[in-house]
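Using my numbering, read the sequence shown as starting at 468 and increasing by one per residue.
Glycine included, each C-beta is placed from N, C-alpha and C at the ideal position.
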Amino acid sequence: TKRKSSYGGGDDPYEKVITIFHSSGSTSFPKLVPLTNRYFLVLEQRDKAGDVVLATAPLFHIFGMSVSINTIFYPGSVYVFPIVSGSVPLINKILHSLNQSKSNVFYTLPAIIEQIYKNHPEEIKTLLKLSSIKYAGAALSPQIGKKLIQSGVNVQSMYSSTETGVIMDTSKNSSSPNIPWNAINLVVPETKELIIEKRSPYLSNIKGNTENGGYRTGDFFLETSKDTIRLNQFVKQVVVVGFNRPFNCLFIELDYENIKLTPFLDVTKSIFDSVHQANNDCPSHSRIFDEMIYILPLEGKTIAHTLKNNVQYSLKSAIGDSFSLTDDDEASFFAIGLDSLSATKLRAILQKQFPVINLPHDIIFEYNTFQSLTHYLIKELSKNSSPQGQNAEDSYEAKLQALKNEVNSYIQKYSATDNFPPVDNSDKINGIVNEKNGETVLITGVTGSLGSFILYSFEQRHLDSSLLSKEHIIILPSDLGDSKFGQTEKIYSKLVQEVTQIYHVAWRLDFNNKIQVFERDSIAGTVHLLMLAREAYTHHQNVHFNFTSSISTTVRSKTNVKEDELPHDISSAMINGYALSKFITEN
């Protein structure tokens, strides 16, 4: 008999689940998404025989996986992995990979396109050799996208999620005149929220969140006006005046950068053609006659506009109140309440304040204290002008060495013998464990993913699940950053006297922040648990401490990882606060 999938589909091979992806990007809620043969078979053909495809998205993400599988479906196309140093995707390595592989299709993220444009303008010629650049995951800067299109680079946008696959994309040559370069076709143009119907072949085997089993993406769309005239490459700004007038009058401000190499007659012809096309799309009483078009002189007046380049608005939105910050220069922004949305807002404020610096998108995560951020800004402002991108490798090596020094300082700090004073064994009863009450197990992080799986495994491993009944469990909300875990002296003393097993599972799940953010609750929290185990040793002959580490501490290792103590070298660990905090704690 054929085995039926626990995710549905029965015996239908089309509906057989072949892989399960982890996803949290669309909903910010971690979940497993089962994907079937159908999901991948309906992938639209985006590549063709002879294509050499380079993709920067990792294979463990649906973006990278779908691109690689799409390449397999169409023989003659080649999938290329970029040259990457460890887990840091250096732009110069990606550009080198494009040139060496002679790729003609480039799948990537908007941030990488923006970095190439800002920091490696001389490499636009490399992008011009590509038949297309396809991006997903976020929006590309409208200004940069427009400039690239005007330079002849074919940039195309894709809209997708793990649950639905690619359901919208740029369905035209993005260099077509008078059509936005980043336009995408909606499945149902009238809808404001995108909802995928249950019968859609693109939908994964997930439980729907609508009454009829469909999937609400939570993404809202607004159909914009065609802006035919304003999208002309020679037009910088345009305004129509016609209220209480017999005719509409059109004022046009030229884009000097785009017209300086073009004969003026060609410029005016292009603009008039755009006006004629706009007339075809508007009511007859709103048409603009050629005689009513006025092009402002280049050295004359300009059309005032707001930050959003929309002349209908005269006020820019307030950026909001100042952040409630502390006087401690070493305090992490995130430890005092900043979140990722606030970090984006803070970066925008800094970018406006320091326009001469191209601030990285992750600057608040990279420099998350007053002191480190201040030092970074001072250093960038005091730099002498030099070719951009020239010292990318040197900068990476310098950062790596600084990280090594930082990691070693944390290891030395928390390995100090002062943290673990000698224990007093005088109260131990002849070195014999009092087994009257059996084992008492302390588990941290039971509300997290791994902690809940540990409890769930009782039934899987045929253990006595009655041990998880209410009379055997005490739930203690805790603060691991506090030496007594935020408990009263009475409760802490009870833990010291009764705990025989400690399973330390809790850890901050954050792949953006630096080590400092993990210090109090995670690194110091582990030390506090070790101190508890040491004190408990005065009451029990055997106290076991179990620490849950992470594959991220060894993922960059070029050889098999031995069942042995880790070396004091971070070359095998991922370069982020999560991995390095685990690495520090192991050591």
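Query, Result
"Paired residues, beta bridge with residue 754 - DSSP", "None; residue 754 has no bridge partner."
"Reduced DSSP category for residue 664 - H, G, I as helix; E, B as strand; rest coil", "coil"
"Residue 988 and residue 947 closer than 8 Å at C-beta", "yes"
"Classification of residue 505 by the beta-carbon crowding that lies within 10 angstroms, buried from 16 upward", "buried"
"Where residue 577 falls, given that 16 or more other Cβ within 10 Å makes a residue buried", "buried"
"DSSP-derived helix/strand/coil call for residue 641", "Residue placement at residue 641 is flagged as unreliable, the pLDDT there being 48, under the threshold of 50; the coordinate-derived value follows with that caveat. Of the three classes helix, strand and coil, the one that applies to residue 641 here is coil, per DSSP."
"When 1007, 498, 1049 are compared against residue 1020, the one with the closest alpha-carbon", "1049"
"Outcome for residue 489 when other beta-carbon atoms lying within 10 angstroms are tallied against a minimum of 16", "exposed"
"Proximity below 8 Å, CB of residue 990 to CB of residue 877", "yes"
"Three-state class that DSSP yields for residue 612 in the structure shown", "helix"
"Assigned exposure category for residue 986 - 16 Cβ within 10 Å defines buried", "buried"
"Of the residues 580, 597, 910, 545, the one placed nearest residue 993, counting alpha carbons only", "910"
"Same chain, Cβ closer than 7 Å to residue 566, five either side skipped, listed in chain order", "593"
"As assigned by DSSP and simplified to three states, the class of residue 528", "coil"
"Nearest residue (CA-CA) to residue 814, options 802, 805, 799, 830", "830"
"Outcome for residue 960 when other beta-carbon atoms lying within 10 angstroms are tallied against a minimum of 16", "exposed"
"Host alpha helix (DSSP H) of residue 549 (start-end)", "Taken as a continuous stretch (DSSP letters only), residue 549 belongs to no alpha helix (DSSP H), as it is neither H nor E."
"Spatial neighbours of residue 968 in its chain, beta-carbon cut-off 8 Å, leaving aside the 5 residues before and after", "906, 907, 908, 909, 1010, 1011, 1013"
"Presumed contact (8 Å Cβ cut-off) between residue 661 and residue 630, rounded CB distance", "Their Cβ separation, rounded to whole angstroms, is 11 Å, which puts residue 661 and residue 630 out of contact at 8 Å."
"Cβ shell of residue 745 (< 6 Å), same chain only, five flanking positions each side left out", "695, 696"
"Residue 720 in three-state terms, based on DSSP", "strand"
"Residue 507 - DSSP class collapsed to helix/strand/coil", "helix"
"Collapsed DSSP secondary structure at residue 522 in the structure displayed", "strand"
"Contact belief for residue 972 with residue 1015 at Cβ below 8 Å, rounded distance in angstroms", "5 Å"
"N- and C-terminal bounds of the alpha helix (DSSP H) containing residue 636", "Careful: residue 636 lies outside any alpha helix (DSSP H), inside the beta strand (DSSP E) at 632-636."
"Endpoints, the alpha helix (DSSP H) within which residue 984 is located", "982-985"
"Local conformation of residue 673 per DSSP, three classes", "coil"
"Rounded C-alpha distance that separates residue 563 from residue 549", "9 Å"
"Three-state secondary structure assigned by DSSP to residue 1014", "strand"
"Three-state class that DSSP yields for residue 1127 in the structure shown", "This structure leaves residue 1127 out entirely; the chain is present only between 468 and 1054."
"Residue 1028: first and last residue of the uninterrupted beta strand (DSSP E) it sits in", "No beta strand (DSSP E) holds residue 1028; DSSP gives it neither H nor E."
"CB of residue 591 within 8 Å of CB of residue 624, strictly", "no"
"Same chain, Cβ closer than 6 Å to residue 486, neighbours up to 5 away in sequence not counted", "502"
"Supposed close pair residue 572, residue 520 - CB separation, criterion 8 Å", "5 Å"
"Per DSSP, the bridge partner or partners of residue 910", "970"
"Segment limits, alpha helix (DSSP H) that includes residue 486", "Not the alpha helix (DSSP H): residue 486 falls in the beta strand (DSSP E), residues 484-490."
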